[in-house]
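Written below as structure tokens is the structure these notes are about.
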Amino acid sequence: MASETDYVTLISKDGFSYVVQRSSARISPVLKRMLDPTGAFLEAKDNTCILQDMPGIVLEKVCEYFYYNEKNKDARDVPEMDIPTELCLELLMASDYLDI
Amino acid sequence: MSLPSSPPLLPEQDLPTLPTFAPIASASNAGLRALNRKRQLSDYGSPSSDPPLFSDTTSDGGDASHYEEQPRRKRLVRGPWWNVGKGRGQSLRRSMAKTERLRNGDSGVWMGSDESEASSDCLISSQQRMQELAMQDMADEEMSSDETLPNAEALAARLVHGCVDKGKEVVDLSDRGLIHLSNATLAPLHQLIRPSFVGVTHPPSEDEFSPLTPSIQLFLSRNQLTALPLELFNLTNISVLSLRNNDLQHLSPAIARLNKLKELNIAGNNISYLPWELLELLDRRGKHRQITVRPNPLIEPCDLSGPSPLPKANFTRVMQTEELARCTDTRDTVNNLRCKYVAEQGTLSMRGELELRLKLGRMLRIQYLQEASKAGRELKLCREELIYLASSAVQYFRGDGTPLRRTGSQHAGGEEFAACLDPTATAPSGSGSASTAPSLFELALHSLQTNFNLQDFLPKMSTFPGISSSLASAIRLAAANTHGLGNETCSTCGKHFIIARAEWMEYWFHGWSSQRELTSEAVLPFLRRVCSWGCARPSEAGEFRC
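The listed protein sequences derive, respectively, from chains A and B.
Take the first sequence: its letter number 71 is residue 71 in full-length UniProt numbering, and every next letter is one higher.
Take the second sequence: its letter number 417 is residue 417 in full-length UniProt numbering, and every next letter is one higher.
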């Protein structure tokens with residue numbers, strides 16, 4: 001079961017699950033360590049992370065950022081990502097937690 | 001037909017001429033008056049009754065008999081009519097009551113002022129009064145400012161006000177014992193305008209039509225300032241700024257905003273490195289700028305004392321023109337030199353490496369200039385060369401601004417900003433490490449900064465659960481940026497950022513082309529800060545500015 005899949009599943013506090021590319025999610029050192037197949041974490045076995053502190057709407061933005069970052073990795077003029085006003089403090093805390 | 005056309009008398013006209021001008025004598029006038037029963041304007045002695053002089057019946061001869069006998073004497077009274085007899089109001093009223101039966105009190109006829117001198121006196125005295133009042137106001141203002149500001153600064157504020165009032169462009173606050181300078185003290189300089197041409201001795205010249213934008217010369221030398229007010233960097237009209245002999249620890253990157261700066265003196269402070277933006281100031285093509293940096297305890301890339309480790313013969317050989325002419329292999333030439341040196345003398349010290357890089361930069365610069373002159377472009381050159389020498393190891397930061405642990409430990413215990421050959425050796429590995437995209441942390445923080453009033457939020461921050469100390473300090477920084485100088489600018493891509501992701505020191509040679517060897521006086525350290533790990537690209541060896 002410990003095989004490394006292309007996609008991993010992120011599950012929010014309120015039960016929403018998001019399937020994202022492993023390569024994108026690995027930009028977060030926290031998720032990378034969790035999902036490291038050589039590690040002994042349960043998450044690595046299931047390829048699933050349950051993020052207990054994150055509501056679904058925040059996790060959705062986080063996943064959006066994963067792809068935004070993947071897309072703009074080498075871009076010259078990086079467009080600003082749209083951050084909803086009401087979410088920015090929660091997103092700030094989420095990004096602090098995920099170290100992205 | 002002749003109308004009463006005598007012009008209204010000017011107050012300057014002499015008294016004796018008046019009676020001859022009186023229009024009553026003319027017969028035609030009399031007829032006219034009979035017709036329309038209107039008094040012409042010229043009937044009045046003066047255009048208005050403003051100079052308040054009027055006649056007053058004498059009160060001494062209260063009796064009717066006396067009144068009939070004597071020709072009526074009139075007394076000129078200065079001042080408004082209601083002030084008449086204020087001092088002797090009692091007696092006047094009594095006498096008025098006496099004469100009331102015979103004459104119906106006041107004649108009711110207003111006589112214009114004939115005495116022009118009196119009116120001008122009046123004007124002068126009122127002007128004096130106004131001046132006195134103004135002086136009082138000023139005194140009051142100064143008193144109030146004395147209460148709010150410490151002594152030295154109150155004096156400085158007064159000087160600044162004086163300069164603004166007189167339109168003086170040289171604001172000399174040097175040697176005032178200033179310890180702190182607040183925004184409010186410098187803010188009046190925004191209102192300073194250049195005085196228009198007023199000299200009467202010269203004929204009007206082109207200068208008269210020059211713009212009123214001043215070029216402020218601000219001298220703050222020989223004080224004990226440890227920080228500069230933010231307002232200083234908004235005064236974009238400053239052309240000369242002297243901060244000599246203060247206690248400044250660093251110079252703000254906002255110095256680049258003063259784009260009209262012609263002269264900057266930061267000598268004699270406690271500055272150990274310069275902002276990257278100052279390099280741009282040093283290298284503004286065509287504009288002559290005089291920037292005095294030394295003496296300051298600036299950090300050095302390595303030990304630069306003593307003679308150059310490179311043999312002299314090498315140097316002269318390299319500078320020969322036939323080798324310079326070959327544009328393509330300049331870098332190869334220097335590489336060959338390096339190899340030769342290593343083969344002959346063993347390892348090359350950092351000092352030697354810097355000298356080699358200086359040569360490379362010089363050669364590339366000369367090549368560039370030759371090409372430019374061949375192409376017929378006109379170049380305005382700085383007198384000093386500006387050539388990149390080396391940088392320190394890049395210090396990487398996490399998204400929240402905490403430093404990433406260094407992988408290599410070669411600098412442990414050593415100087416933090418010592419020059420090294422491979423500045424990006426400590427770059428974090430892994431996917432996305434060289435990304436130029438902003439972090440989610442930065443994005444969210446920026447959104448928080450633009451959409452909320454962080455000053456209000458800061459006191460409540462501790463009540464929120466889950467805010468780490470690094471997050472709190474980041475929010476505080478964002479709040480400080482909104483109220484201060486704004487966010488920093490990435491030195492690589494020019495984007496604004498709140499949290500720097502990497503910083504390093506770059507050493508540039510700034511000196512004369514005639515200088516053969518590196519000396520510590522000719523090397524300037526510039527701190528670079530960038531917005532992302534992808535932007536952490538130190539300058540390449542051989543880079544130069546003209």
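All residues carry an ideal CB built from backbone N, CA and C; glycine is no exception.
Computed from a predicted structure; not experimentally measured.
DSSP bridge partner residues for residue i (one or two, in chain order)
i	result
Ser17/A	Ile11/A
Asn265/B	Ser242/B, Thr292/B
Glu385/B	Gly511/B
Trp504/B	Arg528/B
Pro403/B	Phe397/B
Phe497/B	Glu488/B
Gln172/B	Residue 172/B is actually Asp in this sequence, not Gln. According to DSSP, which records beta bridges pairwise, Asp172/B is partnered with Phe219/B.
Ser391/B	Cys420/B, Glu506/B
Cys49/A	Leu10/A
Phe544/B	Ile387/B
Val523/B	Phe509/B
Chain B contact residues for residue i, given Cβ-Cβ distances below 7 Å
i	result
Ile83/A	Leu443, Ala444, Ser447
Cβ shell of residue i (< 8 Å), same chain only, five flanking positions each side left out
i	result
Val160/B	Val171, Leu173, Thr185, Leu186, Pro188, Leu189
Asn270/B	Asp247, Leu248, Gln249, Asn296, Pro297
Arg294/B	Ala267, Glu521
Gly484/B	Leu230
Asp36/A	Ala44
Ala434/B	Ala427, Trp533, Gly534
Tyr368/B	Phe544, Cys546
Nearest candidate by alpha-carbon position, reference residue i, set the options
i	options	result
Ser429/B	Gly15/A, Ile27/A, Glu86/A, Glu90/A	Ile27/A
Asn237/B	Leu251/B, Gln217/B, Ala227/B, Gln224/B	Gln217/B
residue 557/B	Pro214/B, Leu178/B, Asp175/B, Arg176/B	Here chain B comprises residues numbered 1 to 546, so residue 557/B is not present and cannot be evaluated.
Leu389/B	Thr330/B, Glu300/B, Ile291/B	Glu300/B
Glu503/B	Pro423/B, Pro438/B, Phe464/B, Asn245/B	Pro423/B
Val394/B	Leu421/B, His483/B, Arg383/B	Leu421/B
Trp533/B	Glu442/B, Ile467/B, Glu355/B	Glu442/B
Pro211/B	Leu192/B, Lys340/B, Leu225/B	Leu192/B
Asn259/B	Ala437/B, Gly484/B, Leu278/B	Leu278/B
Met34/A	Glu60/A, Thr9/A, Ile83/A, Thr85/A	Thr9/A
Gln21/A	Thr38/A, Thr48/A, Gly39/A, Gly15/A	Thr48/A
Tyr18/A	Lys45/A, Ala40/A, Pro29/A, Tyr65/A	Tyr65/A
Ile179/B	Phe464/B, Gly484/B, Glu153/B	Glu153/B
Ser272/B	Arg537/B, Glu416/B, Ser447/B	Glu416/B
Ser473/B	Ser539/B, Glu506/B, Ser514/B, Gly399/B	Gly399/B
Pro309/B	Gln345/B, Leu264/B, Ala227/B, Pro275/B	Gln345/B
Ala75/A	Cys493/B, Phe464/B, Phe452/B, Ser221/B	Cys493/B
Met363/B	Met350/B, Thr330/B, Leu225/B, Glu488/B	Thr330/B
Asn336/B	Lys359/B, Met350/B, Gly466/B	Lys359/B
Met505/B	Ser221/B, Cys302/B, Phe219/B	Cys302/B
Distance cut-off 6 Å: residue i Cβ against heavy atoms of the ligand GDP
i	result
Phe452/B	Absence of the ligand GDP from the depicted structure is noted, as is the absence of any ligand whatsoever, leaving it without description.
Cβ-Cβ separation, residue j to residue i (assumed contact under 8 Å), whole Å
i	j	result
Phe397/B	Ala254/B	About 21 Å; that fails the 8 Å criterion.
Ser462/B	Ala419/B	Not really, about 43 Å apart at Cβ, beyond 8 Å.
His510/B	Leu524/B	5 Å
Ser12/A	Pro55/A	6 Å
Leu445/B	Ala478/B	5 Å
Leu42/A	Leu98/A	So it is not a contact: roughly 18 Å between Cβ atoms.
Ile266/B	Leu251/B	6 Å
Ser439/B	Ile100/A	6 Å
Partners in chain A for residue i, counting only beta-carbon separations shorter than 8 Å
i	result
Thr436/B	Asn72, Lys73, Asp74, Ala75, Arg76, Val78
Asn451/B	Thr85, Cys88
Leu471/B	Leu92, Met93, Asp96
Beta-carbon neighbours of residue i, restricted to chain A and to distances below 9 Å
i	result
Gly466/B	Asp53, Met93, Asp96, Tyr97
Leu524/B	Chain A residues near Leu524/B: none, gap ~30 Å exceeds 9 Å.
Neighbouring residues, chain A, relative to residue i (Cβ below 7 Å)
i	result
Gly399/B	Ser95, Asp99, Ile100
Cut-off 6 Å between Cβ atoms - residues of its own chain near residue i, not counting five sequence neighbours on either side
i	result
Gly361/B	Ile387, Gly542, Phe544
Thr292/B	Asn265, Ala267
Asn72/A	Val78
Glu517/B	Ser308
Proximal chain B residues relative to residue i, where beta-carbon distance stays under 8 Å
i	result
Val62/A	Leu440
Tyr65/A	Leu440, Leu443
Residues near residue i by beta carbon distance below 7 Å, same chain, minus five either side
i	result
Ser26/B	Model confidence at Ser26/B stands at a pLDDT of 44, short of 50, so the residue's coordinates are unreliable; what they give is reported in the following sentence. Excluding residues within five positions, none has a Cβ falling inside 7 Å.
Tyr68/A	Met81
Arg338/B	Leu348, Leu356
Glu384/B	His510, Gly511, Trp512
Ser409/B	Unreliable placement is indicated for Ser409/B, whose pLDDT of 45 sits below 50; no coordinate value is reported for it.
Ser470/B	Asp400, Gly401, Thr402
Ile83/A	Leu91
Asp6/A	Gln21, Arg22
Arg529/B	Glu488, Ser491, Ala500, Glu503
Residue-level contact to chain E via CB, residue i, 7 Å cutoff
i	result
Ala256/B	The chain labelled as chain E is not found among the protein chains of the depicted structure, namely A and B.
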